[in-house]
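One structure is given below, encoded as structure tokens.
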Amino acid sequence: MIRDHFLTLVLYSVLVALFFAFLNHRDRKGFLKSVGKTLGWMVLGSVALGFLMLWTGR
Amino acid sequence: MSKPFPSWKACAVSLLTLLVPGLSHFFLGKRARAGVFFAIVCATFLLGIALHGALFPLDSPNWLFRLAAVAQIGLGVPYFLGRAIGWGPLGLLDMADVMFGYGNTFLVTAGLMNMLLMMDAFDIAVGRKE
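Protein chains in written order, with this note's numbering: chain A, 970 to 1027; chain B, 241 to 370.
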């Protein structure tokens, strides 16, 4: 099974992004925008937070 | 949907999601979305189990575990079925697994997603949402 932390993060983000996009948007444009925004914030935000913790934890 | 349901009926319809994720939407005629919601919630749930997450019992010794159990119970039948067949045990070996935390996150999220689906179905049934 998956042992990769980053892959798990991406999988989780994809599922959450799709769920909220389907829940809140009916139009194609709004749907794609919502998926992109949620996915971007979750993946990039988590990686940024991880680096921040790495640097401040030293 | 042509005519909004009265509150008691909308409540009953929204509870169908506890049987099968997305069943309320299916009943309300949103069949494609019901299928998508079913696939997303089931994928989240099964990934959580595969990642060695635990299906916490309500009488867990740790209050955080009890809180997680409340969220997971939002899954309804899959939670109780999973516990009945021994999925997601709260064993020491599972807790020591590096993916234990990830698995729990997936399982808690699946439960919370299902609760949101119930609320969404209620809103559609009473005519508050398309």
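Heads up, the beta-carbon is just placed ideally off N, CA and C, and yes, glycines get one too.
Bear in mind the structure is a predicted one, so any value in this text is a computation, not a measurement.
Any chain A beta carbon closer than 8 Å to residue i
i       : result
R273(B) : yes
D360(B) : yes
M355(B) : no
F267(B) : no
T345(B) : yes
Backbone CA spacing between residue i and residue j [nearest angstrom]
i        : j        : result
L1018(A) : T1025(A) : 10 Å
W248(B)  : E370(B)  : 19 Å
Y342(B)  : K243(B)  : 43 Å
L332(B)  : G293(B)  : 12 Å
N354(B)  : V1016(A) : 28 Å
M371(B)  : V281(B)  : Shown here, chain B extends from 241 to 370; a query on residue 371(B) therefore has no answer.
I313(B)  : D973(A)  : 28 Å
D363(B)  : C251(B)  : 10 Å
L933(A)  : M1022(A) : Look at the range of chain A in this structure, 970 to 1027, and you will see that residue 933(A) is not part of it.
K1006(A) : L992(A)  : 15 Å
L347(B)  : F245(B)  : 32 Å
F1020(A) : G275(B)  : 38 Å
L291(B)  : R368(B)  : 38 Å
D265(B)  : L295(B)  : Residue identity check: residue 265(B) is His in the sequence provided, not Asp. Approximately 26 Å between the Cα atoms of the pair.
Residues that residue i contacts on chain A, provided the C-beta gap is smaller than 9 Å
i       : result
Y342(B) : I971, H974, T977, L978 and Y981
F277(B) : F988, F991 and L992
F285(B) : The premise fails here: F285(B) is roughly 10 Å from chain A at the closest Cβ pair, so nothing lies under 9 Å.
A290(B) : M970 and I971
Any C-beta of chain B under 8 Å from that of residue i
i       : result
R995(A) : yes
L984(A) : yes
Test: residue i CB closer than 8 Å to a CB of chain E
i       : result
I364(B) : Absent from the structure: chain E. Protein chains present are A and B.
Listed by chain order, chain A residues near residue i by CB distance under 8 Å
i       : result
I280(B) : L984, L987, F988 and F991
M195(B) : Absent from the model: residue 195(B). The displayed extent of chain B is 241 to 370, so no value can be given.
Contacts that residue i makes with chain A (C-beta to C-beta distance below 7 Å)
i       : result
T257(B) : Simply none; closest approach about 13 Å.
Checklist entry - Within the chosen definition, does the segment 317-328 of chain B reach the segment 991-1010 of chain A through at least 3 CB pairs nearer than 8 Å? => result Short answer: they don't touch.
Next on the checklist: Does the contact criterion of 3 or more C-beta pairs under 8 Å hold for the segment 255-270 of chain B versus the segment 302-309 of chain B?
Outcome noted: no
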